[in-house]
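Peer 1: To start, I am sharing the structure in question, which I have written as structure tokens.
Numbering (the working numbering), first residue to last: 2 to 317.
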């Protein structure tokens, strides 16, 4: 991959990582359901007028909108609203990689290898430690909602794999038409009209900026560039970049919103990332392959025998 494309991919990971801190800022102006509604409304309109409807059945567009929009981001926003920190959310959301493996095995009959199960176990230990954190970064309700969001993200991955749209960005834009109305109605039902009008009256530039960031750099720019990389370069070269999302997510949460980072949290995060690395890379297999391919090193006996043979030859 050319260095310019690699840097572009890293830029997308920075944008997606920082997005978690931006969500935290947005939740100070809007309730989670209204924020999700506005996010997808702005992602769909006016972009939907510039993209032809993807040539896939409507059910796939609707299902993707349901799981990607309402499930993934609706639950993520709600989980953060109920006390799950932005930095940890960026880490826990990466569980989608493991959920996707399980769902692909169940739905698509894809084979699960022992390395992937090892990664799941290591990451699960990290998640258990995260749930036990007591510095105010985690709540039980928030943890359940964010883990549910990661499962919904994995389900959305399976939907898009089944749909196999030729234009992933157009597919995302059209699917973004699904979440706004149900999420708005949920906001109205839970918080009432007064809360909605209060949000618009007091959102300020922070609320406007957070919405703009969540839509344009995160979805439209990020998704377009990411799709370009996946289409033009090997998945094995592109996909590992996603491991940077929790790194930038945690770093931006510390720098932007002052999230604390204690020893237990750091260990838990490293375990989850290690589990993701084990899942992504066949490190043991690669080491074995290199060992088999390495030239044989002569033993001491072979060296001595060779020297003796040479001496005998010279003597004769």
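Cβ coordinates follow ideal geometry from the N, Cα and C atoms, glycine included.
Taking buried to mean at least 16 other C-beta atoms within 10 Å of its own C-beta, is residue 107 buried or exposed?
Peer 2: Counted from its first residue, the chain shown places residue 107 at position 106. Burial call: exposed.
Peer 1: If you compare alpha carbons, which of 118, 248, 156, 188 is closest to residue 16?
Peer 2: Translated into positions along the chain shown, residue 16 becomes position 15. The option with the nearest alpha carbon to residue 16 is 248.
Peer 1: Quick check on DSSP: helix, strand or coil for residue 170?
Peer 2: Here residue 170 corresponds to residue number 169 of the chain shown, with the count starting at 1. Helix at residue 170.
Peer 1: For residue 181, which residues from the same chain have a beta carbon less than 6 Å from its beta carbon, with the 5 sequence-adjacent residues on both sides left out?
Peer 2: On the chain shown, residue 181 is found 180 positions in, with the first residue counted as 1. 38, 41, 42, listed in sequence order.
Peer 1: From residue 312 to residue 4, what distance separates their C-alpha atoms?
Peer 2: Position 311 of the chain shown holds residue 312. Position 3 of the chain shown holds residue 4. Unreliable positioning characterises residue 312 in this predicted model, as indicated by a pLDDT of 49, which lies under 50. The coordinate reading is nonetheless provided below. The alpha-carbon atoms of residue 312 and residue 4 are separated by roughly 55 Å.
Peer 1: In three-state DSSP terms, what is residue 17?
Peer 2: Here residue 17 refers to the residue found at position 16 of the chain shown. Residue 17 falls in the helix class under three-state DSSP.
Peer 1: May I have the straight-line CA-CA distance separating residue 63 from residue 74, to the nearest angstrom?
Peer 2: Walking along the chain shown from the start, residue 63 turns up at place 62. Walking along the chain shown from the start, residue 74 turns up at place 73. Roughly 15 Å between the two C-alpha positions.
Peer 1: Within the continuous alpha helix (DSSP H) that includes residue 163, where are the two ends?
Peer 2: Translated into the one-based positions of the chain shown, residue 163 becomes position 162. That run of the alpha helix (DSSP H) goes 141 to 164.
Peer 1: With C-beta atoms as the reference, is residue 263 less than 7 Å away from residue 168?
Peer 2: Locating residue 263 in the chain shown gives position 262, counting from the first residue. Locating residue 168 in the chain shown gives position 167, counting from the first residue. Their beta carbons are not under 7 Å apart, which means residue 263 does not touch residue 168 by this criterion.
Peer 1: Counting only runs that start and end within the stretch 86 to 133, where is the alpha helix (DSSP H) found for 4 or more residues in a row?
Peer 2: DSSP runs (the alpha helix (DSSP H)) wholly in the stretch 86 to 133: 87 to 93, 97 to 108, 115 to 132.
Peer 1: Just checking, does the stretch 140 to 152 make contact with the stretch 48 to 60 on the three C-beta pairs under 8 Å criterion?
Peer 2: Too few Cβ pairs lie closer than 8 Å, so no.
Peer 1: Which whole runs of the alpha helix (DSSP H) in the stretch 5 to 64 are 4 residues long or more, in chain order?
Peer 2: As far as the stretch 5 to 64 is concerned, its whole alpha helix (DSSP H) runs of at least 4 residues are 33 to 45.
Peer 1: Please tell me whether, using a cut-off of 6 Å, the distance from the CB of residue 25 to the nearest non-hydrogen atom of the ligand COA is below it.
Peer 2: The ligand COA is absent from the structure shown, which contains no ligand whatsoever.
Peer 1: Residue 155: which of 105, 276, 270 sits nearest, CA to CA?
Peer 2: Translated into the one-based positions of the chain shown, residue 155 becomes position 154. The shortest Cα separation from residue 155 among 105, 276, 270 belongs to 105.
Peer 1: Closer than 6 Å by C-beta to residue 20: which residues in its own chain qualify, once you throw out the five before and the five after it? Chain order, please.
Peer 2: Here residue 20 refers to the residue found at position 19 when the chain shown is read from its first residue. So the qualifying residues of the chain are 219.
Peer 1: Who are the Cβ neighbours of residue 316 in its own chain at under 6 Å, not counting the five residues just before and after it?
Peer 2: As a working note, residue 316 is residue 315 in the chain shown. Residue confidence is low: residue 316 scores 46 on pLDDT, short of 50, so the model does not pin down where it sits. No coordinate-derived value is stated.
Peer 1: Can you look up residue 312 in the DSSP assignment and give me helix, strand or coil?
Peer 2: Your numbering for residue 312 matches position 311 in the chain shown. Since pLDDT at residue 312 reaches only 49, below the 50 mark, its modelled position is unreliable, and no value is offered.
Peer 1: Comparing alpha-carbon positions, which option in 198, 224, 102, 143 lies nearest residue 119?
Peer 2: Walking along the chain shown from the start, residue 119 turns up at place 118. Per the Cα distances, 102.
Peer 1: Should residue 138 go down as buried or exposed, given a rule of 16 or more other Cβ atoms within 10 Å for buried?
Peer 2: Reading the chain shown from its first residue, position 137 is the one you call residue 138. With 16 or more other Cβ atoms within 10 Å, it is buried.
Peer 1: Do residue 34 and residue 200 have their C-beta atoms within less than 7 Å of each other?
Peer 2: Within the chain shown, numbered from 1, the residue matching residue 34 stands at position 33. Within the chain shown, numbered from 1, the residue matching residue 200 stands at position 199. Taking 7 Å as the Cβ cut-off, residue 34 and residue 200 do not qualify as a contacting pair.
Peer 1: According to the neighbour-count rule (16 or more other Cβ atoms, all chains shown, within 10 Å of its Cβ), is residue 51 buried or exposed?
Peer 2: The sequence position of residue 51 within the chain shown is 50, counting from 1. The residue is exposed, with fewer than 16 neighbouring Cβ atoms inside 10 Å.
Peer 1: Output the distance between the C-alpha atoms of residue 223 and residue 129, rounded to the nearest integer angstrom.
Peer 2: On the chain shown, residue 223 is found 222 positions in, with the first residue counted as 1. On the chain shown, residue 129 is found 128 positions in, with the first residue counted as 1. Each residue's Cα considered, the two are about 31 Å apart.
Peer 1: Between residue 216 and residue 45, is the Cβ-Cβ spacing less than 7 Å?
Peer 2: Here residue 216 refers to the residue found at position 215 when the chain shown is read from its first residue. Here residue 45 refers to the residue found at position 44 when the chain shown is read from its first residue. No; because the gap between Cβ atoms is not below 7 Å, this pair is not in contact.
Peer 1: Identify whether residue 235 lies in helix, strand or coil by the three-state DSSP scheme.
Peer 2: In the chain shown, counting from the first residue as 1, residue 235 sits at position 234. The answer is coil: DSSP assigns residue 235 none of H, G, I, E or B.
Peer 1: In chain order, what residues of the same chain lie with their CB nearer than 7 Å to the CB of residue 126, ignoring the 5 residues before and after it?
Peer 2: Start at 1 with the first residue of the chain shown, and residue 126 comes out as number 125. Excluding sequence neighbours, residue 126 sits near 272.
Peer 1: Which same chain residues, not among the five before or five after residue 77, have their C-beta less than 8 Å away from its C-beta?
Peer 2: Translated into the one-based positions of the chain shown, residue 77 becomes position 76. Excluding positions up to five away in sequence, the list reads 24, 90, 94, 146, 147, 150.
Peer 1: Return the first residue and the last residue of the alpha helix (DSSP H) that residue 204 is part of.
Peer 2: Position 203 of the chain shown holds residue 204. Taken as a continuous stretch (DSSP letters only), residue 204 belongs to no alpha helix (DSSP H), as it is neither H nor E.
Peer 1: Given a threshold of 16 other Cβ atoms within 10 Å of its Cβ, counted over all protein chains shown, does residue 314 qualify as buried or as exposed?
Peer 2: Here residue 314 refers to the residue found at position 313 of the chain shown. Reliability of the predicted coordinates at residue 314 is poor, the pLDDT of 47 falling under 50, and the value obtained from them is presented with this limitation in mind. Exposed, by the Cβ-count rule.
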